[in-house]
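S.K.: So the protein sequences, as listed, match chains A and B. Position 113, counted from 1, in the first sequence is what this note's numbering calls 281; the numbers after and before it change by one each time, with no gaps. Position 23, counted from 1, in the second sequence is what this note's numbering calls 191; the numbers after and before it change by one each time, with no gaps.
There are 2 protein chains.
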Amino acid sequence: MSGRKELCTPLRTIMTPGPVEVDPRVLRVMSTPVVGQFDPAFTDIMNETMEMLRELFQTKNRWAYPIDGTSRAGIEAVLASVIEPGDDVLIPIYGRFGFLLTEIAERYEANVHTIECEWGTVFDPDEIIREMKKVKPKIVAMVHGETSTGRIHPLKAIGEACRARDVLFIVDAVATIGGCEVKVDEWNIDAAIGGTQKCLSVPSGMAPITYNERVADIIAARKKVERGIATQADKAKLSGNRPITSNYFDLSQLEDYWSERRLNHHTEATTMLYALREGVRLVLDEGLKARFERHQHHEAALIAGIKAMGLKLFGDESCKMPVVTCVQIPDGVDGESVRHMLLAQFGIEIASSFGPLAGKIWRIGTMGYSCRRENVLFVLAGLEAVLLRHGAVIEAGKALQAALDVYENAKSQTAI
Amino acid sequence: MSGRKELCTPLRTIMTPGPVEVDPRVLRVMSTPVVGQFDPAFTDIMNETMEMLRELFQTKNRWAYPIDGTSRAGIEAVLASVIEPGDDVLIPIYGRFGFLLTEIAERYEANVHTIECEWGTVFDPDEIIREMKKVKPKIVAMVHGETSTGRIHPLKAIGEACRARDVLFIVDAVATIGGCEVKVDEWNIDAAIGGTQKCLSVPSGMAPITYNERVADIIAARKKVERGIATQADKAKLSGNRPITSNYFDLSQLEDYWSERRLNHHTEATTMLYALREGVRLVLDEGLKARFERHQHHEAALIAGIKAMGLKLFGDESCKMPVVTCVQIPDGVDGESVRHMLLAQFGIEIASSFGPLAGKIWRIGTMGYSCRRENVLFVLAGLEAVLLRHGAVIEAGKALQAALDVYENAKSQTAI
């Protein structure tokens, strides 16, 4: 039985925009024996995680907890709980994950309005605000860091404009949380979704979300308690609003599970919660500011190496994501062949891209635990060697020197 | 910052109907470093897991893979992908989790028909078949093992009747898979959902499902590829059927991810998949028959002890779940006080129940790794001591003797 052998996996250097290498301290907590979901020892861990998530999202929101599913489960939980059929939703799209928001919003019968800009750029906030004035949406939903194109979107002006017009602002911060500033309260974000398998260096499988009272009010108006466990008081409270379609993603039920009421919904994913708690704890222990600076430092070394090799970056540099570097595949080089050789010979994984960028760029992530000196140096060394092996015309021997220059010139080198 | 301390959890003896103790070998694989989701090393693991799940579900179905979410995510994924608005769905209810099926089916706009029987009993299959003839549903959905009442439902006759009438038979086998026979093909089950955190002894957070071509055909007719990654050929294929509402639970998209096409959907929950693979591997290595017998053996010891103490079992014994034992709380005893003392003094967790059974019964699980000699003996010892402490009139000193009798009289003692 080929399927019955013990699990045996290779050790990779993962330099994609996720999933990335898991912090060894996170891996370690994942072998902790579990406790029951209503054990006080576990509900304490739930509360601690909520408290730490608030710090991570830089918010005072009451609601900050994970959805038990991958990042898109978090996105769907928020959209499915907020969108009622016929709601106008404006989605500015600047890469693949903008389309995902569209896809999900449409499925929940939103009246979706999109604007698109060229992949590799972001919008002038005024363009979004103008469209907002025209469409008068209930919700503006957009991606903060678009890994498909490696761009990060400024959100402050859009958040302000949304709040001034009483529009809900929902942000997919899956790729930025823990690696770049995500200031939920300061930027007037009403709901944000984070990812575990990127800058938090926790395995995929859980999606932390946060939302404020503006969102909580909408959810409360759609509240429904399961018949198997509803009390008479619950039944009396049922409003006329259309209930949320999904049971699993019904945030009104999840609130009853994550608050003092502790009403049984799902069985919390114990070990993933241990992992998330540890991942966020490590982020907060490092300090948000120090962590973001560390990410930028390694990005600088990577970029220096890439450019010294003679390769060109893709996209508008003014809105480059600090944790994803998109590199143009040189003419005449088969990008997939390079990726496969990097994996087969060096055990290094980098990413391709989607749609219009497929075959045109590689995407190199510098996220979380993967974002460290030896990984940056190794991916540069590997990429140079594999490109030479593919007959590409590049500068040999310069990439590592340029990256080492960045590292040796860093002032606070020991801290990073 | 109280939330910033290192994770520190007590070690519990978990004798609930889930989540139960995780097999130490499963915990160990959870500290394995991750690989990327399209790394051949990972797609091999995906394929191996599918192969092992087929054996676990005793099926030749092509489709057998996990949903990245807790058990009810698996249930919702199946129901949301199969149910179209207005579909007639018959749900025989004999406990809380039957109501969950109702709840989910209603949310997806099924025309739900229910029949109910007293909690603690199950239906005469003929009653369900009579109702099926009357309602002529598209789907019969029911729970195999109802942990809320500790009953297991015979499914063979119902599966045959469904197949003969071209009705789809969907079964929630969350609490039975890996602990009791679940014969998907032999019982004509069209779709089944398993749970990880019960008899598989894997943490909660993933839900293995399987379904046959009858279900796959319905899903295929509702297929939709995401705009961000759709090819022209995909767009041309779009049928007129109503697409599945949820993106996350859209099994047509999950098929593209779990098959050779490897179309990006979510990022597979790497570590949970490692855990599931290991959990199922351990079940198959033990052997299904041997494993089910082991569960029955410890159940026998537990029941002997409970009865020797002078306590009464709840419910119709002819349909008792072998992995859950429901015990009547003696008159005058505060069931919750007993549970709290068991946890606080002995570190033992047993469960209460829901709805009409709240305060009336305790539920003791003997599932997976929790189902072993020392745990059964400890829960009996603890329960006896705590009941004496609560002034209950029970027989002292007899429970452990009765359980030891069962263990010492077992023929193949060394194997169990």
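Note that the Cβ used here is the ideal one computed from N, Cα and C, for glycine as well.
Between the Cα of Glu-563(B) and those of Arg-230(B), Phe-482(B), Lys-475(B), spot the shortest distance and give me the residue it belongs to.
M.R.: The option with the nearest alpha carbon to Glu-563(B) is Lys-475(B).
S.K.: Per DSSP, Cys-348(B) is paired with what?
M.R.: DSSP output for Cys-348(B) lists Ile-345(B) as bridge partner(s).
S.K.: Among residues of its own chain, excluding the 5 on either side of Asp-358(A), which ones have a beta-carbon nearer than 7 Å to its beta-carbon?
M.R.: The answer, listed in chain order, is Leu-336, Phe-337, Ile-338, Tyr-379, Asn-380, Arg-382, Val-383.
S.K.: For the putative contact between Phe-225(A) and Val-350(A), defined by C-beta atoms under 8 Å, what is the C-beta separation to the nearest angstrom?
M.R.: Between Val-350(A) and Phe-225(A) the Cβ distance is about 6 Å, and since that is below 8 Å, they are a contact.
S.K.: Apart from the five residues just before and just after Gly-254(A), which ones in its own chain have a Cβ nearer than 7 Å to its Cβ?
M.R.: Cβ within range, chain order: Glu-277, Asn-279.
S.K.: Alpha carbon to alpha carbon, how far is Val-190(B) from Ile-584(A)? Give it in angstroms, no decimals.
M.R.: Because the pLDDT of Ile-584(A) is 48, which lies under 50, any placement of that residue in the model is unreliable, and the number read from its coordinates should be weighed accordingly. About 38 Å.
S.K.: Closer than 8 Å, CB to CB, is Met-198(B) near chain A or not?
M.R.: Chain A, which has a Cβ nearer than 8 Å to the Cβ of Met-198(B), makes this yes.
S.K.: Between the C-alpha atoms of Ser-369(A) and Glu-576(A), what's the straight-line distance to the nearest angstrom?
M.R.: Each residue's Cα considered, the two are about 26 Å apart.
S.K.: Since Gln-365(A) meets chain B, which of its residues come closer than 7 Å, beta carbon to beta carbon?
M.R.: Within chain B, the residues near Gln-365(A) are Thr-435.
S.K.: So, is the C-beta of Ala-343(B) closer than 8 Å to a C-beta in chain A?
M.R.: With 8 Å as the cut-off, Ala-343(B) does not count as an interface residue toward chain A.
S.K.: Does the region 324 to 333 of chain A come into contact with the region 293 to 303 of chain A, if we say contact requires no fewer than three beta-carbon pairs (one atom in each stretch) closer than 8 Å?
M.R.: Touching, per the Cβ criterion.
S.K.: Could you tell me which chain B residues have their CB closer than 9 Å to the CB of Arg-240(A), listed as they occur along the chain?
M.R.: Asn-415, Tyr-416, His-433, His-434, Thr-435, listed in chain order.
S.K.: Assuming the contact rule is C-beta atoms closer than 8 Å, Ser-319(A) and Val-290(A) should be a hit. Round their C-beta distance to whole Å, please.
M.R.: According to the sequence shown, residue 319(A) is Arg rather than Ser. Right, their Cβ atoms sit about 5 Å apart.
S.K.: Closer than 8 Å by beta-carbon distance: list the chain C residues that pair up with Asp-256(B), in chain order.
M.R.: Included in the structure are the protein chains A and B, with no chain C among them.
S.K.: Does any residue of chain A have a CB that is nearer than 8 Å to the CB of Gln-205(B)?
M.R.: By this cut-off, Gln-205(B) is an interface position.
S.K.: Within the chosen definition, does the region 525 to 538 of chain A reach the region 301 to 320 of chain A through at least 3 CB pairs nearer than 8 Å?
M.R.: With the cut-off at 8 Å, the region 525 to 538 of chain A and the region 301 to 320 of chain A touch.
S.K.: At 4 residues or longer, what runs of the alpha helix (DSSP H) sit wholly inside the region 243 to 306 of chain A?
M.R.: You should have 264 to 275, 293 to 303.
S.K.: Quick one: residues in its chain with C-beta nearer than 6 Å to the C-beta of Ala-325(B), no 5 flanking neighbours on either side, listed in chain order?
M.R.: Only Pro-293 meet the Cβ criterion.
S.K.: Could you check what DSSP says for Tyr-416(A) in three-state terms: helix, strand or coil?
M.R.: Residue state, collapsed to three classes: coil.
S.K.: Quick check on Asp-499(B): buried or exposed, where buried means 16 or more other Cβ atoms within 10 Å of its Cβ?
M.R.: Asp-499(B) is exposed by the Cβ-count criterion.
S.K.: Could you name the residues of chain A that Ser-372(B) contacts, counting a contact when the two beta carbons are closer than 7 Å?
M.R.: Neighbours of Ser-372(B) on chain A, chain order: Thr-435, Glu-436, Ala-437, Thr-438.
S.K.: Ignoring anything shorter than 3 residues, give me the beta strand (DSSP E) runs that lie fully in the region 501 to 561 of chain A, in order along the chain.
M.R.: For the region 501 to 561 of chain A, whole beta strand (DSSP E) runs of length 3 or above, ordered along the chain, are 529 to 533.
S.K.: Within a Cβ cutoff of 6 Å, which residues of the same chain sit near Pro-376(B), ignoring the five residues on either side of it in sequence?
M.R.: Leu-221, Pro-234, Gly-362, listed in sequence order.
S.K.: Here's the rule I'm using: 16 or more other beta-carbon atoms within 10 Å means buried, otherwise exposed. How should Ala-560(A) be labelled?
M.R.: Classification for Ala-560(A): buried.
S.K.: Alpha carbon to alpha carbon, how far is Leu-419(B) from Ser-427(B)? Give it in angstroms, no decimals.
M.R.: Straight-line Cα distance between these residues: approximately 12 Å.
S.K.: Quick check on DSSP: helix, strand or coil for Met-169(A)?
M.R.: Since pLDDT at Met-169(A) reaches only 46, below the 50 mark, its modelled position is unreliable, and the value read off the structure follows with that caveat. Residue state, collapsed to three classes: coil.
S.K.: Hey, could you find the ends of the beta strand (DSSP E) Gly-237(A) is sitting in?
M.R.: Taken as a continuous stretch (DSSP letters only), Gly-237(A) belongs to no beta strand (DSSP E), as it is neither H nor E.
S.K.: Suppose you measure from the CA of Ser-170(A) to the CA of Arg-390(A); what does that come to, to the nearest Å?
M.R.: Here Ser-170(A) scores only 47 on pLDDT, less than 50, and its place in the model should not be relied on; the value that follows carries that caveat. For Ser-170(A) and Arg-390(A), the distance between alpha carbons rounds to 49 Å.
S.K.: At a CB distance below 7 Å, what residues from the region 442 to 453 of chain B approach chain A? Give them in sequence order.
M.R.: Answer set for the region 442 to 453 of chain B: Tyr-442, Arg-445, Glu-446, Arg-449, Leu-452, Asp-453.
S.K.: Classify Met-310(B) as helix, strand or coil using the three-state DSSP reduction.
M.R.: Of the three classes helix, strand and coil, the one that applies to Met-310(B) here is strand, per DSSP.
S.K.: Going by other Cβ atoms of all chains shown within 10 Å of its Cβ, with 16 needed for buried, is Ser-505(A) buried or exposed?
M.R.: Exposed, because fewer than 16 other Cβ atoms sit within 10 Å of the Cβ of Ser-505(A).
S.K.: Return the chain-ordered list of same chain residues with a C-beta closer than 6 Å to the C-beta of Ala-472(B), the five sequence neighbours on each side being excluded.
M.R.: Ala-570, Ala-571, Val-574.
S.K.: Got a sec? Which residues, its chain only, sit under 6 Å from Met-310(A) by beta carbon, not counting five neighbours each side?
M.R.: Contacts found: Pro-260.
S.K.: Could you round the C-beta distance between Glu-252(B) and Ile-272(B) to whole angstroms and report it? I think they count as a contact, below 8 Å.
M.R.: So it is not a contact: roughly 14 Å between Cβ atoms.
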